[in-house]
Amino acid sequence: DLAKYYKQKFRIPFIGITGSTGKTTTKDMVSAVLSERFKVLKTDGNFNNEVGLPLTLLRLNSTHELCVLEMGMNHFGEIEYLSSIAEPDVALITNIGDSHIEFLGSRENILKAKCEIFSHMRPDGLVILNGDDELLAPLRHSLPQRTVLCGTGEGLQYRAAHVAGDGERNISFEINSPRGAFPVEVAALGDYMIYPALMAAAVAEHFGMTGEEIAAGIL
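Sequence positions in the sequence shown follow this note's numbering and run 753 to 971.
Given below as structure tokens:
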């Protein structure tokens, strides 16, 4: 209650991130890219529960222009509760896996639990989803918010092309977005790293950032 009251004193955009895996990596990538232009507050580590998220919000001060919040859960109702505090303007879901399936019973139920992040968004918000995830992609036409998909498949708004790696420390690829195409390099191995970068690009372009700024901020 204190964190929600305090948050309402700040008229800045709030970005919520959830998913079965990759939440912290995506949160760090989004924050790094946005920090090329903005003063950003982000969740420390994985302080993503009913204690950690309020603690993050209570760190807001007048210098912050954007806030990036990680949201975790293992039961129904937990993301809804976090969303009621954060009221995200932008919501990201990284993927739907098997994490906590022992509590939720199926991947379809995990999807339902993750979709609680939308429960306290305004209709004019932005939703960013992993378009290569078979459970997330169909949400594109069912949400009231503008919804964009990221991945490697054809027809996605944010798409990775020409993915290559040096086999030692980096992968490189081209981000194709509604505003054009630009090359990026991620200081990590594994094609799974394209998703945090694509989602970061989608968030950044929503806030008016250029391809050059995005490429410079990619971790």
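The C-beta atom is built at its ideal place from N, Cα and C for all residues, glycine as well. Just so you know, these numbers come straight off a predicted model, no measurement behind them.
| Item | Value |
| --- | --- |
| Around the Cβ of S772, are there at least 16 other Cβ atoms within 10 angstroms (buried) or fewer (exposed)? | buried |
| Look at the Cβ atom of S835, then the Cβ atom of I869, and state whether they are nearer than 7 Å. | yes |
| Is it right to say G808 is buried, meaning 16 or more other beta carbons lie within 10 angstroms of its own, or is it exposed? | Note that residue 808 is Thr in the sequence shown, not Gly. It counts as buried. |
| Can you give me the Cβ contacts of R789 inside the same chain, cut-off strictly under 7 Å, excluding the 5 residues immediately before and after it? | M961, E965 |
| Return the CA-CA distance between G883 and C902, expressed in angstroms with no decimal places. | 5 Å |
| What's the gap between the Cα of E697 and the Cα of A954? | Outside the modelled stretch of the chain, which goes from 753 to 971, sits residue 697, for which no answer is possible. |
| Assuming H958 is part of the alpha helix (DSSP H), what are its boundary residues? | 946-958 |
| Report yes or no: do three or more beta-carbon pairs, one from the stretch 928-940 and one from the stretch 758-770, lie closer than 8 Å? | no |
| What are the complete alpha helix (DSSP H) segments, minimum 4 residues, inside the stretch 777-826? | 804-809 |
| Could you tell me which of R859, A913, H914 sits nearest to L888, measuring between CA atoms? | R859 |
| Taking the CB atoms as reference points, tell me whether S783 and K775 lie closer together than 7 Å. | no |
| To which residues of the same chain is I848 closer than 8 Å at the C-beta, ignoring the five residues directly before and after it? | G771, S772, R859, I862, L863, K866, D885, L887, L888 |
| Please identify the residue among L818, G907, P840 whose C-alpha is closest to the C-alpha of S929. | G907 |
| Between which two residues does the beta strand (DSSP E) containing I767 stretch? | 766-770 |
| Hey, Q897 and G877 are a contact pair by Cβ (cut 8 Å); roughly how many whole angstroms apart? | 4 Å |
| In this structure, does DSSP put I862 in helix, strand or coil? | helix |
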